[in-house]
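Written below as structure tokens is the structure these notes are about.
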Amino acid sequence: MKTLNGISAAPGIAIGKVYLYNDDAIRVPKYAISKNDVAYERERFDQAAERAAEELESLKSTSSSEMGEERSRFLDSHILMVRDPELQERVSDKLAQELKNVEWVLLQVIEELVEKLDGSSDAYLRERTLDIHDVARRVLNHLLFRERISLADLSDEVVLVAHNLLPSDALGMNKSMVKAIVMDEGGKTSHTAILARAFEIPAVLGLSDITEQVSTGDDMIVDGHKGIVIARPDAETKQRYLATSREWRQREVELLTLNELPAETRDGKLVALMANIEVPEETDSVLSHGADGIGLYRSEFLFLRPGGVSTEDEQYEAYSTVLRAMDGRSVTIRTLDLGGDKVSASMQQVSERNPILGWRAIRYCLAQRVMFVRQLRALLRASTHGDLQIMFPMISGVEELESALEMLEETKESLRSDGIEFNDAIPVGIMIETPSAALTSDILAKRADFFSIGTNDLIQYTIAVDRGNEKIAYLYQPFHPGVLRLIRIIIEHAHGAGIPVSMCGEMAGDPLATVILLGLGLDMYSMSAFTIPEVKRIIRTVTVWEAEELVGTISDMKSYREIDRYVQQWMNERFELFTE
Ligand code: PEP
Ligand code: MG
Numbered sequence: 004m005k006t007l008n009g010i011s012a013a014p015g016i017a018i019g020k021v022y023l024y025n026d027d028a029i030r031v032p033k034y035a036i037s038k039n040d041v042a043y044e045r046e047r048f049d050q051a052a053e054r055a056a057e058e059l060e061s062l063k064s065t066s067s068s069e070m071g072e073e074r075s076r077f078l079d080s081h082i083l084m085v086r087d088p089e090l091q092e093r094v095s096d097k098l099a100q101e102l103k104n105v106e107w108v109l110l111q112v113i114e115e116l117v118e119k120l121d122g123s124s125d126a127y128l129r130e131r132t133l134d135i136h137d138v139a140r141r142v143l144n145h146l147l148f149r150e151r152i153s154l155a156d157l158s159d160e161v162v163l164v165a166h167n168l169l170p171s172d173a174l175g176m177n178k179s180m181v182k183a184i185v186m187d188e189g190g191k192t193s194h195t196a197i198l199a200r201a202f203e204i205p206a207v208l209g210l211s212d213i214t215e216q217v218s219t220g221d222d223m224i225v226d227g228h229k230g231i232v233i234a235r236p237d238a239e240t241k242q243r244y245l246a247t248s249r250e251w252r253q254r255e256v257e258l259l260t261l262n263e264l265p266a267e268t269r270d271g272k273l274v275a276l277m278a279n280i281e282v283p284e285e286t287d288s289v290l291s292h293g294a295d296g297i298g299l300y301r302s303e304f305l306f307l308r309p310g311g312v313s314t315e316d317e318q319y320e321a322y323s324t325v326l327r328a329m330d331g332r333s334v335t336i337r338t339l340d341l342g343g344d345k346v347s348a349s350m351q352q353v354s355e356r357n358p359i360l361g362w363r364a365i366r367y368c369l370a371q372r373v374m375f376v377r378q379l380r381a382l383l384r385a386s387t388h389g390d391l392q393i394m395f396p397m398i399s400g401v402e403e404l405e406s407a408l409e410m411l412e413e414t415k416e417s418l419r420s421d422g423i424e425f426n427d428a429i430p431v432g433i434m435i436e437t438p439s440a441a442l443t444s445d446i447l448a449k450r451a452d453f454f455s456i457g458t459n460d461l462i463q464y465t466i467a468v469d470r471g472n473e474k475i476a477y478l479y480q481p482f483h484p485g486v487l488r489l490i491r492i493i494i495e496h497a498h499g500a501g502i503p504v505s506m507c508g509e510m511a512g513d514p515l516a517t518v519i520l521l522g523l524g525l526d527m528y529s530m531s532a533f534t535i536p537e538v539k540r541i542i543r544t545v546t547v548w549e550a551e552e553l554v555g556t557i558s559d560m561k562s563y564r565e566i567d568r569y570v571q572q573w574m575n576e577r578f579e580l581f582t583e
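Counting from 4, one number per residue, gives the positions in the sequence shown under my numbering.
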């Protein structure tokens, strides 16, 4: 038995068997064949391709009802690709030309296809390169008798252990089979952690070398509350964790009894508790946790999922589905925040020294006008289906905001001339997630209808600490006086200009921060749906006066350690918190 400490990234307890995901590059042999062997090699290809197609068919039949139409379409497109006569012809021609083994020949054919698509000006075609690689890998696995390695194929319940999963891996995996996620890398606000919380899968990240300490098939306990994993636990430890898990679930159920009650302090101040979502399917969980609406829909995840959407109509459908499901409740959709760790095959590929400080979010959208206008059109068209607000990410100064607003106006004009209906008075807000935006929020407040504080990035940029790097995770401190001062400034400026201010970074869902944010005057909190009941319980137990007093006390403190210690003690005296 071995206990290891990491970063608690998504709560919950899971006990299961390890699946070590090691998506190492396939080593493809290269050897000469004679002319007489060409037919034999071609037959090997046909058999491997057919086995891959059958595998895809069987995945489709076992998962289609559960995973929905989109996944089924995605699998269909792969089946078509693997049986494509043009692919077969190209393989045959190259076998005869090169007189090399079929694995190597297939790789060459794929590289040529990918090169052609990469050079295309059509984003849809460029996106297909990922699919082609995926299909080729499936066929190569059969040619080389390798074990299947796609996470979409998981068919047994596992604790998924990996060095680093990208958000696109997490979106593509068969979620119903993943009991927990455990990684060498990653921090609490990395996007894989955010997805784990959205999918309600317990996760412990930042364990450094867990992939070297366990093997596939090992027993493992994952305690997402404390950020602990226990490899090869003894029977007694397993029993203890089963009991804790039951206790936690019971507490969750108890908290759900607050669903119908408002988030109102003892002295009558009402705040809104909203949910963050990444995929439209989350709306059920949003409603079942009693959210007042959606405060952040990260629309870029539509582009990151396998077979992801990108056309105007596909986006319009996704946004309208969310608005209809929310049935009149407020929904804030953030325009694409691609770039950084959220890279999609449809993006213009550039190699950047500092992607997190680079061509991402609104900067990328303002440069990719066709893509941006497509999204703005889809959003405006969807605005007739509910209470929609648009929000721009990563605004660093007023020029960017003005350019984005100008593009929105132009898009409205073109819809008008096409005779398409939309809500002309749609509120448009911005995320405040850079220190420059925080410090000029008085200027920005004159041009925005609302603010939402993105603390995940605001903390990263204020303290200059990469939010996904486990080695410096100790520096990532929401209670750093520098961060708290910026939050205070943003709220004061917003209220000075008469606009509401929300927070949609992970800090908004951290029970330890709830009272401080209330004391600072936050109007709206937006968080992973399942944390709403706990935050509501805290809000309903305190008064604004108490919260302001707490803020007054910590404002004089000099370090995050001092503030953290004081707040922990203050909260522990009043509430029994389950986490950490
Ligand atoms: C944030 O930065 O706080 C935020 C909500 O955006 P994201 O986590 O997607 O960067
Ligand atoms: Mg952000």
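Yeah, the Cβ is synthetic: ideal placement off N, Cα and C, and Gly gets one too.
- If you check the CB distance, Phe304 and Glu281 come in under 7 Å.
- At least 7 Å separates the beta-carbon of Leu116 from that of Leu128.
- Contact holds between the segment 366–376 and the segment 410–420, because three or more Cβ pairs, one in each stretch, are under 8 Å apart.
- Taking 6 Å as the cut-off, one finds no heavy atom of ligand 1 near enough to the beta carbon of Thr195.
- By the CB criterion at 7 Å, Leu276 and Ile535 fall inside the cutoff.
- Under the Cβ criterion (8 Å, minimum of three pairs), the segment 155–166 does not count as touching the segment 426–437.
- Met4 sits exposed, since fewer than 16 C-beta atoms from the chains shown fall within 10 Å of its C-beta.
- Checking the 6 Å criterion, the Cβ of Gly342 is out of range of every heavy atom belonging to ligand 1.
- Collapsing the DSSP output to three states places Arg337 in a strand.
- About 11 Å separates the Cβ atoms of Val334 and Pro283, ruling out a contact at the 8 Å cut-off.
- Straight-line measurement puts the Cα of Thr286 at about 26 Å from the Cα of Val376.
- For ligand 2, a non-hydrogen atom lies closer than 6 Å to the CB of Asn459.
- Beta-carbon to beta-carbon, Ser193 and Leu208 are separated by about 7 Å, close enough to satisfy the 8 Å threshold.
- With contact defined as three or more Cβ pairs closer than 8 Å, the segment 175–192 and the segment 217–235 are in contact.
- Where Ala99 is concerned, the enclosing alpha helix (DSSP H) starts and stops at Pro88 to Glu101.
- For Asp287, there is no enclosing beta strand (DSSP E); the enclosing alpha helix (DSSP H) has its first and last residue at Thr286 to Ser291.
- Scanning its chain for C-beta atoms nearer than 7 Å, with the 5 sequence neighbours on each side dropped, one finds around Ala516 the residues Pro481 and Met510, in chain order.
- At least one heavy atom of ligand 2 sits closer than 6 Å to the Cβ of Glu436.
- Placement of the Cβ of Gly508 at a distance of less than 6 Å from at least one heavy atom of ligand 1 is found.
- Look at Arg366: its beta carbon is at least 6 Å from all of the heavy atoms in ligand 1.
- For Ile16, the beta-bridge partners assigned by DSSP are Asp226.
- The count of Cβ pairs closer than 8 Å, one atom from the segment 245–259 and one from the segment 518–528, stays below three, leaving the stretches out of contact.
- The residues Val21, Leu23, Val164, Met223 and Ala234, in chain order, have a CB closer than 7 Å to that of Val217 in the same chain once the five nearest residues on each side in sequence are set aside.
- Arg384 has its CB no nearer than 6 Å to any heavy atom of ligand 1.
- No heavy atom of ligand 1 is found nearer than 6 Å to the CB of Arg86.
- Linking Val94 to Asn167 through their CA atoms gives a straight-line distance of about 34 Å.
- Placement of the Cβ of Arg301 at a distance of less than 6 Å from at least one heavy atom of ligand 1 is found.
- Judged by DSSP secondary structure, Ala196 falls within the alpha helix (DSSP H) whose first and last residues are His194 to Ala201.
- Spatial neighbours of Ser505 in its own chain (CB-CB distance under 6 Å, excluding positions within 5 residues in sequence) are listed in chain order as Gly298, Ser455, Met527 and Ser529.
- Residue pairing by DSSP places Gly555 in no beta bridge whatsoever.
- With contacts defined as CB atoms closer than 7 Å, Asp212 and Asp187 qualify as a contacting pair.
- For Asp172, no beta strand (DSSP E) segment is defined; the enclosing uninterrupted segment is the alpha helix (DSSP H) at Pro170 to Gly175.
- By the C-beta density criterion, Tyr300 is buried, having at least 16 other C-beta atoms within 10 angstroms.
- Restricting attention to beta strand (DSSP E) runs no shorter than 3 residues, the segment 228–309 encloses them at 231–234, 275–280 and 296–301, ordered along the chain.
- Annotation note: the segment 371–417 contains the following uninterrupted beta strand (DSSP E) runs of length 3 or greater, listed N- to C-terminal: 390–395.
- For Thr6, the enclosing beta strand (DSSP E) has its first and last residue at Lys5 to Asn8.
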